[in-house]
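Undergrad: Have a look at this one.
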Amino acid sequence: MIKVNYINQYDKNKKYRRAITKMFKKGYRDLDLIEPIVVSVIFMDDDKIQELNKTYRGLNKPTDVLSFENTEDLYEIGDIFISIDKVKEQAIDLKHSFKYELVYLAVHGLLHCLGYDHVDDEDAKEMDKQQKLIMSNTKYTR
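With the first letter of the sequence shown counted as 1, position 104 gets the number 98 in our numbering; the numbers rise by one all the way through.
What follows is the structure in structure tokens.
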């Protein structure tokens, strides 16, 4: 079971969580997790995510998703920060739906919180394999 805490710093009138919640429920079975986990998803704009990117990665530019794995707690595995501005932009550029892009970035962030990475080719292949498997179990397609 995955419990998701949502924080919307982008637009309090919009609800972005339904698609992600569905994905986490369906994708959970593909992750072979024994224990229930908790993850936080924070929606923000480009300015706020740029500040985080500069502070934690030394990159003074906005990014689509940042994840911070929590290695000190067995159940609370981390935080996923998603730029809604980037979700909108990338959905248009890549010619797929807003929901698909949002869910894709949430899956990507979740995998980082679970310890996956894409630093080298072998790790990138394994992470991509897991991401495709989880996305295939959602109704969201490109």
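C-beta atoms are modelled at their ideal positions from N, C-alpha and C, and glycine is treated no differently.
State the DSSP-derived secondary structure class of Asp117, mapped to helix, strand or coil.
TA: Translated into the one-based positions of the sequence shown, residue 117 becomes position 123. Reduced to three states, the DSSP call for Asp117 is helix.
Undergrad: By Cβ distance below 6 Å, which residues in the same chain neighbour Asp118 in space, the five residues on each side in sequence not counted?
TA: By 1-based counting over the sequence shown, the position of residue 118 is 124. Per the sequence shown, residue 118 should be read as Ala rather than Asp. His112.
Undergrad: In terms of alpha-carbon separation, which member of Glu45, Ile43, Tyr110, Lys9 lies closest to Asp122?
TA: Position 128 of the sequence shown, counting from 1, holds the residue named residue 122. Asp122 has its Cα closest to that of Tyr110, out of Glu45, Ile43, Tyr110, Lys9.
Undergrad: Where does the unbroken alpha helix (DSSP H) through Asp94 begin, and where does it stop?
TA: Numbered from its first residue, the sequence shown carries residue 94 at position 100. The question names Asp, yet the displayed sequence has Tyr at residue 94. It spans 92 to 107 - the alpha helix (DSSP H) in which Tyr94 sits, taken as one unbroken run.
Undergrad: Would you grab the beta carbon distance between Val81 and Met17 for me? Rounded to a whole angstrom, and I think it's under 8 Å.
TA: One-based indexing of the sequence shown puts residue 81 at position 87. One-based indexing of the sequence shown puts residue 17 at position 23. Going by Cβ atoms, the distance from Val81 to Met17 rounds to 14 Å, so no, they are not a contact pair.
Undergrad: Mind checking who Leu63 pairs with in its DSSP beta bridge?
TA: Sequence index remark: in the sequence shown, residue 63 carries index 69 (1-based). Contrary to the premise, residue 63 reads as Glu rather than Leu in this sequence. Glu63 is bridged to Gly72.
Undergrad: Does the distance from the C-beta atom of Glu66 to that of Cys107 stay below 8 Å?
TA: Taking the first residue of the sequence shown as 1, we reach residue 66 at position 72. Taking the first residue of the sequence shown as 1, we reach residue 107 at position 113. Taking 8 Å as the Cβ cut-off, Glu66 and Cys107 do not qualify as a contacting pair.
Undergrad: Please report the straight-line C-alpha distance between Gln125 and Tyr98, rounded to a whole angstrom.
TA: For the purposes of this step, residue 125 is taken as the residue at position 131 of the sequence shown. For the purposes of this step, residue 98 is taken as the residue at position 104 of the sequence shown. C-alpha separation (whole angstroms): 8 Å.
Undergrad: For Ser77, count neighbouring C-beta atoms within 10 Å of its own C-beta (all shown protein chains included) and say buried if the count is 16 or more, exposed if not.
TA: Your numbering for residue 77 matches position 83 in the sequence shown. Its Cβ being crowded by 16 or more others within 10 Å, Ser77 is buried.
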